[in-house]
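Below is one structure, written out as structure tokens; comments come after it.
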Amino acid sequence: MSETLALLIGNRRAVMGLIVLGVIAALAVLAPVLSVHRLDAVFWEQIDSPPNLARGFYFGTDANGRDLFTRTLYGARISLLVGMAATLVSLVIGVLWGTIAGYVGGRTDQVMMRLVDILYALPFMFFVILLMVFFGRALWLIFVAIGAVEWLDMARIVRGQTLALKHREFIEAARAFGASPARILLRHIIPNLAGPVVVFVTLTVPRTILLESFLSFLGLGVQEPMTSWGVLIGDGARTMEAAPWALAFPAGFLAATLFAFNAVGDGLRDALDPGERR
Amino acid sequence: MIRLIRRRLLTAIPTLFAIVTLAFFMVRLAPGGPFDAERNVPPEIQANLDRVYHLDEPLPRQYLRYLDHLLHGDFGPSFTYKDFTVSELIGFGFPVSFSLGISAMLIAVCLGLSLGTLAALRQGRWVDHLVMTLAMIGIAIPSFVTAPLLALVFGVWLVWLPAGGWGEQGGIAYGILPVAALALPQIAVIARLMRGSLIEVMRQPYIRTARAKRLPVWLILLRHASRPALLPVISYLGPAFAGIITGSVIVEQIFAIPGIGRYFVQGALNRDYTLVTGVVVFYGVLIIFANLVVDIAYGMLDPRQREAEA
Chain P
0 MSETLALLIG NRRAVMGLIV LGVIAALAVL APVLSVHRLD AVFWEQIDSP
50 PNLARGFYFG TDANGRDLFT RTLYGARISL LVGMAATLVS LVIGVLWGTI
100 AGYVGGRTDQ VMMRLVDILY ALPFMFFVIL LMVFFGRALW LIFVAIGAVE
150 WLDMARIVRG QTLALKHREF IEAARAFGAS PARILLRHII PNLAGPVVVF
200 VTLTVPRTIL LESFLSFLGL GVQEPMTSWG VLIGDGARTM EAAPWALAFP
250 AGFLAATLFA FNAVGDGLRD ALDPGERR
Chain X
0 MIRLIRRRLL TAIPTLFAIV TLAFFMVRLA PGGPFDAERN VPPEIQANLD
50 RVYHLDEPLP RQYLRYLDHL LHGDFGPSFT YKDFTVSELI GFGFPVSFSL
100 GISAMLIAVC LGLSLGTLAA LRQGRWVDHL VMTLAMIGIA IPSFVTAPLL
150 ALVFGVWLVW LPAGGWGEQG GIAYGILPVA ALALPQIAVI ARLMRGSLIE
200 VMRQPYIRTA RAKRLPVWLI LLRHASRPAL LPVISYLGPA FAGIITGSVI
250 VEQIFAIPGI GRYFVQGALN RDYTLVTGVV VFYGVLIIFA NLVVDIAYGM
300 LDPRQREAEA
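Sequences listed follow chains P and X, in order. Residue numbers for the first sequence follow numbering that gives the first Met the number 0, so the first one is 0 and each next one is one higher. Residue numbers for the second sequence follow numbering that gives the first Met the number 0, so the first one is 0 and each next one is one higher.
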């Protein structure tokens with residue numbers, strides 16, 4: 000593990016990514032402390048005005064005269080929260096599905112993976128949109144809908160790893176001691192999946208953040224008075240002629256976050272995969 | 000080869016069936032009806048409306064009716080565009096969306112392959128670093144950010160191209176910005192894939208042999224390296240196609256283009272059940288078909304798969 004860490008630290012792009020993520024996460028957590036104005040405070044005389052450091056409008060204001068700095072930071076909270084929660088949903092489904100299919104094997108495995116193949120070919124984005132339209136736009140539904148889309152890759156990866164682990168000596172030993180299949184899965188197989196799963200999680204989080212922004216951009220995701228980067232980018236795109244900063248700041252934050260997650264994920268993969276070492 | 004096609008067709012049918020069934024029941028089981036937004040109508044009129052749209056029948060009956068109509072290519076009437084059927088709306092939107100999507104796909108493949116090849120041949124040099132940095136940026140910036148930016152810079156500030164709309168006959172000028180917004184992320188992914196696989200292939204012993212024979216680089220690329228290097232790119236084309244379709248939903252919205260994606264979003268916001276279900280099923284068929292074509296192309300290019308089939 001320390002070798003992996005050393006390799007990761009040696010990767011300049013991954014370190015940059017970690018720093019960017021740390022800064023953005025800190026900004027999101029400290030949002031209530033850092034912002035001068037309230038999230039929903041309206042300044043009638045400040046509609047679409049450019050950044051003004053003296054008055055505390057660091058990123059300017061939007062078309063409703065609300066402070067964009069505050070909204071971008073609070074948007075970060077929602078975007079990161081959705082990213083992590085949806086990834087967690089996909090992680091739980093994917094790991095359970097993949098380990099059970101891989102460990103039980105035989106017909107069960109065939110049926111389970113066949114189902115994954117069929118689901119894989121569905122135009123999922125559209126089903127998420129359907130879900131959001133017809134079942135209201137609650138935040139938890141966004142987690143579940145996105146998580147339900149993103150677990151397929153995880154299940155495939157986990158199944159492959161489980162197949163490789165299944166016949167190792169320590170699993171045989173556990174079985175000889177009379178451990179139940181559930182115990183073997185939970186205590187012996189799942190902990191040994193950590194490496195590839197961690198890599199995949201770092202690459203899934205940006206995908207879920209992107210999906211949430213996509214939905215919110217269309218007005219189908221996070222609803223007012225809450226906000227997320229997707230909502231802000233959508234609003235900013237509508238007023239970009241008058242107030243380009245309203246698009247630039249949230250878009251910049253979103254892009255930086257996606258970039259950083261991908262850099263860290265790529266770095267982790269290179270560090271964990273001995274085949275890539277030179 | 001024929002066995003491969005047959006097997007793929009056999010998986011396409013349950014997939015399609017799953018799409019239709021999921022879409023149908025998700026819509027029907029959702030709370031609220033398509034006419035909730037209308038003013039309070041007298042119960043007789045409500046009953047009439049329900050009868051016209053067969054909403055008074057039991058669900059399984061409605062489902063079978065929907066399947067039957069689908070098999071005849073009929074997606075039913077639109078609930079919000081009252082004088083049109085869903086098939087007509089798709090018929091209006093499809094040519095527009097199709098021309099956008101195909102142009103974006105072609106440009107993404109051509110530019111992605113050339114940039115990836117260039118980067119692979121100059122591995123570790125500044126061209127490589129430049130292409131890969133641009134690709135990282137292209138992947139990290141989603142099309143719903145690039146599209147408004149392109150409209151702002153080229154449409155509003157420079158006024159070189161229209162910032163939106165589709166013109167009367169859909170002049171080429173109206174298509175340039177939307178196609179660019181759709182193609183950019185795919186160019187980035189294809190360039191990365193091509194670079195990676197070409198570098199791998201160029202390390203193979205048979206390429207070294209070709210080099211030792213002093214074959215010119217273009218001939219090595221064309222005759223020996225391109226085929227195996229293209230395989231990962233080909234298998235990405237299915238997801239790329241799906242990505243462009245999804246992207247077109249956003250891009251058509253931003254540029255106010257009258258394609259299917261725009262009908263879909265409007266339909267979703269207006270709770271137009273039949274329209275939304277119809278578009279999902281239509282897209283599903285398209286994506287399944289595209290995956291089928293990609294699988295067949297892959298099978299033809301990959302000798303291992305060809306021989307395994309024979």
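Just so you know, even glycine gets a beta-carbon here, dropped at the ideal spot from N, CA and C.
(message) Need the endpoints of the alpha helix (DSSP H) that residue 104 of chain X sits in, please.
(response) Position 105 of the second sequence, counted from the start, is the residue given in the question as residue 104 of chain X. Counting along the chain, the alpha helix (DSSP H) containing residue 104 of chain X begins and ends at 85-120.
(request) Note down, in chain order, each residue of its chain lying with its Cβ closer than 7 Å to the Cβ of residue 108 of chain X, except the 5 sequence neighbours on either side. (result) Here residue 108 of chain X is taken as the residue at index 109 of the second sequence, counted from 1. Excluding residues within five positions, the ones whose Cβ falls inside 7 Å are 189.
(message) For residue 195 of chain X and residue 81 of chain X, I'd like the C-alpha separation in whole angstroms.
(response) Numbered from its first residue, the second sequence carries residue 195 of chain X at position 196. Numbered from its first residue, the second sequence carries residue 81 of chain X at position 82. Distance from the CA of residue 195 of chain X to the CA of residue 81 of chain X, rounded to the nearest whole angstrom, comes to 52 Å.
(message) Tell me which residues of the stretch 202-234 of chain P have at least one Cβ-Cβ distance to chain X shorter than 9 Å, keeping chain order.
(response) Here the close residues are 205, 209, 212, 213, 216, 217, 218, 219, 229, 232 and 233.
(message) By alpha-carbon positions, which one of X:273, X:121, X:159 and X:43 ends up nearest to residue 201 of chain X?
(response) Within the second sequence, the letter at position 202 stands for residue 201 of chain X. Closest by alpha carbon: X:121.
(request) Along the alpha helix (DSSP H) that carries residue 265 of chain X, what are the first and last residues, could you check? (result) Numbered from its first residue, the second sequence carries residue 265 of chain X at position 266. DSSP places residue 265 of chain X in the uninterrupted alpha helix (DSSP H) bounded by 259-268.
(message) Just verifying my parser: in three-state terms, what is the DSSP assignment at residue 74 of chain X?
(response) Here residue 74 of chain X corresponds to residue number 75 of the second sequence, with the count starting at 1. Note: residue 74 of chain X maps to coil in three-state DSSP.
(message) At 4 residues or longer, what runs of the alpha helix (DSSP H) sit wholly inside the stretch 173-239 of chain P?
(response) Fully enclosed alpha helix (DSSP H) runs of 4 or longer: 193-216 and 228-237.
(message) So, with DSSP's three-state summary, where would you put residue 152 of chain P?
(response) As a first step, residue 152 of chain P is located in the first sequence; it is residue number 153 there, counting from the start. Of the three classes helix, strand and coil, the one that applies to residue 152 of chain P here is helix, per DSSP.
(request) Identify the continuous alpha helix (DSSP H) that holds residue 196 of chain X and give its terminal residues. (result) For the purposes of this step, residue 196 of chain X is taken as the residue at position 197 of the second sequence. Segment 171-201, the alpha helix (DSSP H) holding residue 196 of chain X.
(request) Reducing DSSP to helix, strand and coil, say where residue 349 of chain X ends up. (result) As shown, chain X starts at 0 and ends at 309. That puts residue 349 of chain X outside it, with no answer to give.
(message) Quick check: is the beta carbon of residue 15 of chain P nearer than 7 Å to any beta carbon in chain X?
(response) Position 16 of the first sequence, counted from the first residue, corresponds to residue 15 of chain P. Judged by the 7 Å Cβ criterion, residue 15 of chain P is not in contact with chain X.
(message) Check whether the stretch 211-218 of chain P and the stretch 71-89 of chain P touch, using three or more Cβ-Cβ pairs below 8 Å as the test.
(response) The stretch 211-218 of chain P, when compared against the stretch 71-89 of chain P, does touch it at the 8 Å Cβ threshold.
(message) So for residue 56 of chain P, helix, strand or coil by DSSP?
(response) Numbered from 1 along the first sequence, position 57 holds the residue referred to as residue 56 of chain P. Strand, per DSSP.
(message) Taking CB distances under 7 Å as the criterion, tell me whether residue 32 of chain P reaches chain X.
(response) Position 33 of the first sequence, counted from the first residue, corresponds to residue 32 of chain P. Output row for residue 32 of chain P: interface = no.
(request) Assign residue 58 of chain P to one of two classes, buried (16 or more other C-beta atoms within 10 Å of its C-beta) or exposed (fewer than that). (result) Indexing the first sequence from 1 puts residue 58 of chain P at position 59. Answer is buried; the Cβ neighbour count reaches 16.
(message) Taking 7 Å as the threshold (beta carbon to beta carbon), is residue 296 of chain X in contact with chain P?
(response) Position 297 of the second sequence holds residue 296 of chain X. Not an interface residue.
(request) Check whether the stretch 59-78 of chain P touches the stretch 26-44 of chain P, taking contact to mean three or more Cβ pairs, one atom from each stretch, closer than 8 Å. (result) By the criterion of at least three beta-carbon pairs nearer than 8 Å, the stretch 59-78 of chain P is in contact with the stretch 26-44 of chain P.
(message) Considering only DSSP beta bridges, list what residue 63 of chain P is partnered with.
(response) Here the question's residue 63 of chain P lines up with position 64 in the first sequence. Per DSSP, none; premise fails for residue 63 of chain P.
(message) Which complete beta strand (DSSP E) runs does the stretch 9-52 of chain P hold, if anything under 3 residues is left out?
(response) As far as the stretch 9-52 of chain P is concerned, it has no whole beta strand (DSSP E) run of at least 3 residues.
(message) At the 7 Å Cβ level, is residue 143 of chain X part of the contact set with chain P, yes or no?
(response) One-based indexing of the second sequence puts residue 143 of chain X at position 144. Using beta-carbon distances, residue 143 of chain X counts as an interface residue toward chain P, with a partner under 7 Å.
(request) Could you please give the first and the last residue of the uninterrupted alpha helix (DSSP H) stretch that includes residue 274 of chain X? (result) Here residue 274 of chain X corresponds to residue number 275 of the second sequence, with the count starting at 1. Counted as a single uninterrupted DSSP element, the alpha helix (DSSP H) harbouring residue 274 of chain X occupies residues 272-300.
(message) Under 9 Å, CB to CB, which of the residues in the stretch 38-51 of chain P have a partner in chain X?
(response) So nothing in the stretch comes that close.
(request) Using a threshold of 7 Å, state whether the C-beta atoms of residue 264 of chain X and residue 180 of chain X are closer than that. (result) Numbered from 1 along the second sequence, position 265 holds the residue referred to as residue 264 of chain X. Numbered from 1 along the second sequence, position 181 holds the residue referred to as residue 180 of chain X. Not a contact, by the Cβ cut-off of 7 Å.
(request) Kindly indicate which three-state DSSP category residue 7 of chain X falls into: helix, strand or coil? (result) Stepping through the second sequence from its first residue, residue 7 of chain X is reached at position 8. In the three-state reduction of the DSSP assignment, residue 7 of chain X falls in the helix class.
(request) Can you say whether residue 280 of chain X is buried or exposed, counting buried as having 16 or more other CB atoms within 10 angstroms of its CB? (result) For this step, residue 280 of chain X is matched to residue 281 along the second sequence. By the neighbour-count definition (other C-beta atoms within 10 Å, threshold 16), residue 280 of chain X is a buried residue.
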